[in-house]
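Quick note on our numbering: the sequence shown kicks off at 255 and runs consecutively. Even glycine gets a Cβ: it sits at the ideal position worked out from N, Cα and C. Please read these numbers as outputs of a predicted model, since none were measured by experiment. Reading through the C-alpha cells given below for one structure.
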Amino acid sequence: MLRQYPLTKAQTIALLEKYPTPFHIYDEKLIRANARRLKKAFEWMPGFKNYFAVKALPNPFIMKILKEEGMGADCSSLAELVLAEKAGITGENIMFTSNDTPAEEFAVAHKLGAILNLDDISHIDFLEKAAGIPEMISFRYNPGPLKQGNVIIGKPEEAKYGLTREQIFEAYKIARERGVKRFGLHTMVASNELAEEYHVGTARMLFELVVEIKQQLGTKIEFVDLGGGYGIPYHPGDKEVDLEMVSRLIKKDYDELIVGNGLAPLEIVMENGRMVTGPFGWLVSRVRHIKNIYRTYAGLDASMANLMRPGMYGSYHHITVLGKEKRPNDHKYDVTGPLCENNDKFAVERMLPELEIGDVIVIHCTGAHGHAMGFNYNGQLRSAELLLRENGEVVAIRRAETLDDYFATLDFDKLEGFKA
255 MLRQYPLTKA
265 QTIALLEKYP
275 TPFHIYDEKL
285 IRANARRLKK
295 AFEWMPGFKN
305 YFAVKALPNP
315 FIMKILKEEG
325 MGADCSSLAE
335 LVLAEKAGIT
345 GENIMFTSND
355 TPAEEFAVAH
365 KLGAILNLDD
375 ISHIDFLEKA
385 AGIPEMISFR
395 YNPGPLKQGN
405 VIIGKPEEAK
415 YGLTREQIFE
425 AYKIARERGV
435 KRFGLHTMVA
445 SNELAEEYHV
455 GTARMLFELV
465 VEIKQQLGTK
475 IEFVDLGGGY
485 GIPYHPGDKE
495 VDLEMVSRLI
505 KKDYDELIVG
515 NGLAPLEIVM
525 ENGRMVTGPF
535 GWLVSRVRHI
545 KNIYRTYAGL
555 DASMANLMRP
565 GMYGSYHHIT
575 VLGKEKRPND
585 HKYDVTGPLC
595 ENNDKFAVER
605 MLPELEIGDV
615 IVIHCTGAHG
625 HAMGFNYNGQ
635 LRSAELLLRE
645 NGEVVAIRRA
655 ETLDDYFATL
665 DFDKLEGFKA
C-alpha cells in the first residue's frame, strides 16, 4: 500500500515559508512503527537484528531513531562508519561489508569492533596486513547461476560481489587456520524484490550451505545474514511484502535444515534499508515552468540531483499534486528537472491533473536512495532533509547546501595568479 503524504496543502505551504523547495521530508512515527513491525515479524529468529543499510538514508538522526528501535548499522565506507559511531552504534551492532575496500577503512571498522563481512577470498590476506585478523569473520556468498537475481542488482554471475561456492569453502578453511573462531555467512542477491518466495528461497539456500560447511569442514556458522532487498510498493497498486508469511516459511526451513541437523541455535540477521524508511519519505517540489512542444513538460525546481532513481533506472515514483488530489488525471506530462541531461525526468508521459506554475508536487517513496544518491552536476545544490516528529513538529535534520558549500574545496585566491 502506497503511503499518503502526511501533511495537508495548508501545512505544506506554511512549511515552505521556512524551508523552500525542494526538500525531502520523513515521517518519524511511521518509520518507528515499521521498524517494530519488522522486529515482531521475525521475533522467533535467534538473535534477530536488522542492520539498517546506511547507504539507503545516511542521516544520523534517522539512524539514532532506528537504534532506539533495536537496529544496527550496515556500513560499507568510512563515512558510514563515522555516521554509525555518531549515532551511538558500535561493536557488533555494525556490519561492515567490504567491497573494494581500502586498508584504512578495514582498520577503523576493526577498531570499532564491527563484524567484518569480506567480499573476496583475497581480502583475508589484505585484512591481516591492514588491521589484523579478528575473532569473527563473515563472508559474502555469490551463488552465481545457482540463484536468479533481479533487475536492479543483476544476475549474480555478472555481479562484482562475493565469493563463489568453491571459494566459500576455501575461505572458511583459511580463516580458521589464521585463528578465526567465530563465523558468519552473508548474501545479497536482489534489490527491491516484492516476491515473498524469493526471500524464502534465499534463506533456504544459506541454510543448506551452512549444513554443507559443517559437514565438509566441521566449521559451525554462528549467524547468517539474509541480506536485504525487500521491496516496497512504489505503484499505488503494489502490495507490501507479507513479512509474516516470509517469516513463517523461513521458520519451516530453519526447523528442517538447522534444527534437524543439530546446528541450532543459528542466529539470523538482515540488512534491510529501503523497506525500513523508503515508503515514509517524500520529495517536495514546485512547478517552475510549463513547456509545450512535441510533448508537454512540467519543469520542477527539483532534479535528478535530488532523486536519481527515475533517470538512472527508469524507476516509477508516484506523484501527487497538492490540492488537486480529487481532480481527474487527464493531462499528460513529462515531469522534468533543470539539468542539462535529457534523462533528468521524474516521470515520462505521466497522466496528472492540469498543472500550473507554482503547484506543489509531492514525489512519493523517497525515504531510501533519494537524498542519499544526490550529486552536484550542473552546480545543483543538494536539498534539505526534514523530519516530521511524532508530536507533529517539523525539524531540519540536514540543511540545504549553499554556494559556499559547493565552492568550499576551491581556492579562488590562487586563481588570480594562475596562468592558463
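Shortest Cα-Cα distance from Glu494 to any of Ser376, Gly535, Ile522, Leu448 involves Leu448. Distance from His278 to Gly535 at the Cβ level is roughly 6 Å; contact confirmed, criterion being Cβ atoms closer than 8 Å. Not a single unbroken stretch of the alpha helix (DSSP H) spanning 4 or more residues falls wholly within the region 572 to 609. Membership of Arg419 in the alpha helix (DSSP H) is indicated by the continuous run 419 to 431. Under DSSP, Arg540 takes part in a beta bridge, and its partners are Val614. Around the beta carbon of His618, 16 or more other beta carbons lie within 10 angstroms, which makes this residue buried. It is roughly 21 Å from the alpha-carbon of Ala425 to the alpha-carbon of Ala457. Closest in alpha carbon position to Leu337, among Met317, Ser352, Met349, Gly324, is Met317. With a cut-off of 8 Å on Cβ pairs, the region 450 to 470 is in contact with the region 516 to 525, counting three or more such pairs.
Per the coordinates, the alpha-carbon of Val538 lies some 6 Å from the alpha-carbon of Thr275. Taking a C-beta distance under 7 Å as the contact criterion, Ala307 and Gly438 do not qualify as a contact pair. Secondary structure note for Arg436: its beta strand (DSSP E) is the uninterrupted segment 436 to 440. Inside the region 335 to 379, DSSP marks whole alpha helix (DSSP H) runs of 4 or more residues at positions 357 to 365, from first to last along the chain. With a threshold of 16 other beta carbon atoms within 10 Å, Lys303 meets it and is buried.
Of Ile285, Asp379, Thr344, Ser376, the smallest CA-CA separation from His364 is found for Thr344. The beta carbon of Glu412 sits closer than 7 Å to no other beta carbon from its chain once the five residues preceding and following it are set aside.
Of all C-beta pairs linking the region 312 to 327 to the region 340 to 358, three or more are shorter than 8 Å, placing the two stretches in contact. Boundaries of the beta strand (DSSP E) harbouring Gly326: 326 to 329, taken from the DSSP string. Residue pairing from DSSP places Asp479 in a beta bridge opposite His440, Val523. The Cβ atoms of Leu497 and Val541 lie no closer than 7 Å to each other.
When secondary structure is reduced to three states using DSSP, Leu320 falls in the helix class.
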